[in-house]
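Here the structure comes first, spelled out in structure tokens, and everything after it is commentary.
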Amino acid sequence: SCPPVKAYDLESYEVRTCAAVAEKGSMSCIGRSLSTSLELEDIRPTEGSCKIFNWVKYTDSAGILAVSLGVIGLVIILVISFYLFWYGGRYVLKISVPTMNYLMCTGGGVLMLYIITLPGESTDSLCRGRLFLSLFGFVLLYMSIVAREVRVLILSNENAKVNSTQLFGLVLGMVAFMFIIFAVVAGSGDLKAINVQSKDDKLKYDVECHTNDDILYRGLIYTLQMIILATGCVLGLLTRNVTLKEFQGSQ
Numbered sequence: 038s039c040p041p042v043k044a045y046d047l048e049s050y051e052v053r054t055c056a057a058v059a060e061k062g063s064m065s066c067i068g069r070s071l072s073t074s075l076e077l078e079d080i081r082p083t084e085g086s087c088k089i090f091n092w093v094k095y096t097d098s099a100g101i102l103a104v105s106l107g108v109i110g111l112v113i114i115l116v117i118s119f120y121l122f123w124y125g126g127r128y129v130l131k132i133s134v135p136t137m138n139y140l141m142c143t144g145g146g147v148l149m150l151y152i153i154t155l156p157g158e159s160t161d162s163l164c165r166g167r168l169f170l171s172l173f174g175f176v177l178l179y180m181s182i183v184a185r186e187v188r189v190l191i192l193s194n195e196n197a198k199v200n201s202t203q204l205f206g207l208v209l210g211m212v213a214f215m216f217i218i219f220a221v222v223a224g225s226g227d228l229k230a231i232n233v234q235s236k237d238d239k240l241k242y243d244v245e246c247h248t249n250d251d252i253l254y255r256g257l258i259y260t261l262q263m264i265i266l267a268t269g270c271v272l273g274l275l276t277r278n279v280t281l282k283e284f285q286g287s288q
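Residue numbers (the numbering used here): 38 to 288.
Encoded structure:
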């Protein structure tokens, strides 16, 4: 809490600066003279009291839910990965491109880590870390699915061949493009944690991650994701008539 402030002279007095840091966030008090009692009344709500900075904590219900879902997701992905490894010699798993399966599991695991990092006080580094995890996990997961459908589409043509290296290159190429998007948003967009003042209470602030143009850079991210999803949908339609169970990935 802020040190006690006593006005011995309402016309002009000094307000002591907050020296401590409370659990809810940094404190901010004024340290200059107030010339009139009217100015005192105007400035008391914003500068004469401690500001409270809010974020979702790991001990909050939302924080506990995020961590729980992330951990459960990681456990499920580990079980699936173990199954793929243990029974990898089976024909159905061998023909379904094991490399892509492992990349899908890796992408899903990265997305679960992203969910786990959502609670906690946002910092510049954490904002960029969350962005990287969300983009990297998304691209690995969905581009692996897209690559599998590209393979089915190619193999549906006579005398056409494709190997895992080519499919891995396709995923790797999109990952490289993702790094460019990340660099643009984090660098040019100046992604960082800022304090957003509450409309209802001038003393309360929400600590959030923002760029210098959220509409532009969020649009850039969503465009990348929509291109991947749209490509997957189109490939799913093109390969929907494949009857071999080993290649039924269009659903």
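Glycine included, every Cβ here is placed at the ideal spot set by N, Cα and C.
Neighbourhood of residue i by C-beta, 7 Å cutoff - its chain only, sequence neighbours within 5 removed
{"i": "Thr268", "result": "Val183"}
Whole-angstrom distance between residue j and residue i, CA atom to CA atom
{"i": "Trp92", "j": "His247", "result": "14 Å"}
{"i": "Asp161", "j": "Arg188", "result": "40 Å"}
{"i": "Gly100", "j": "Tyr124", "result": "36 Å"}
{"i": "Lys198", "j": "Leu190", "result": "10 Å"}
{"i": "Gly145", "j": "Val129", "result": "22 Å"}
{"i": "Val279", "j": "Ile265", "result": "22 Å"}
{"i": "Ser98", "j": "Thr260", "result": "32 Å"}
{"i": "Val233", "j": "Lys241", "result": "8 Å"}
{"i": "Thr136", "j": "Arg185", "result": "10 Å"}
{"i": "Asn138", "j": "Gly256", "result": "29 Å"}
Buried or exposed (CB count within 10 angstroms, at least 16 for buried), residue i
{"i": "Phe119", "result": "exposed"}
{"i": "Val116", "result": "exposed"}
{"i": "Ser201", "result": "exposed"}
{"i": "Tyr95", "result": "exposed"}
{"i": "Ala223", "result": "buried"}
{"i": "Phe216", "result": "exposed"}
Beta-carbon proximity list for residue i, same chain, < 6 Å, skipping 5 on both sides
{"i": "Met263", "result": "none"}
{"i": "Arg81", "result": "Any reading at Arg81 needs caution, since the residue's pLDDT is 48, under 50, leaving its predicted position unreliable; the model's value is listed next. For Arg81, where only same-chain residues beyond five positions count, there are no Cβ hits under 6 Å."}
Sequence-distant residues of the same chain with beta carbon closer than 8 Å to residue i, five excluded per side
{"i": "Met141", "result": "Leu177, Leu178, Ser181 and Ile182"}
{"i": "Ser171", "result": "Leu148 and Tyr151"}
Nearest-angstrom Cβ-Cβ length linking residue i and residue j, presumed shorter than 8 Å
{"i": "Glu245", "j": "Ile258", "result": "The Cβ separation is near 16 Å, so there is no contact."}
{"i": "Ala103", "j": "Pro156", "result": "5 Å"}
### Message
My parser needs the alpha helix (DSSP H) runs of 4 or more residues fully inside the region 109-146; what are they?
### Response
Entirely contained in the region 109-146, the alpha helix (DSSP H) runs reaching 4 residues are, in chain order, 128-132.
### Message
As an exercise, report each continuous beta strand (DSSP E) stretch of at least 3 residues that is fully enclosed by the region 209-277, in chain order.
### Response
Considered as a whole, the region 209-277 harbours 229-234 and 241-247 as its complete beta strand (DSSP E) runs of no fewer than 3 residues, in chain order.
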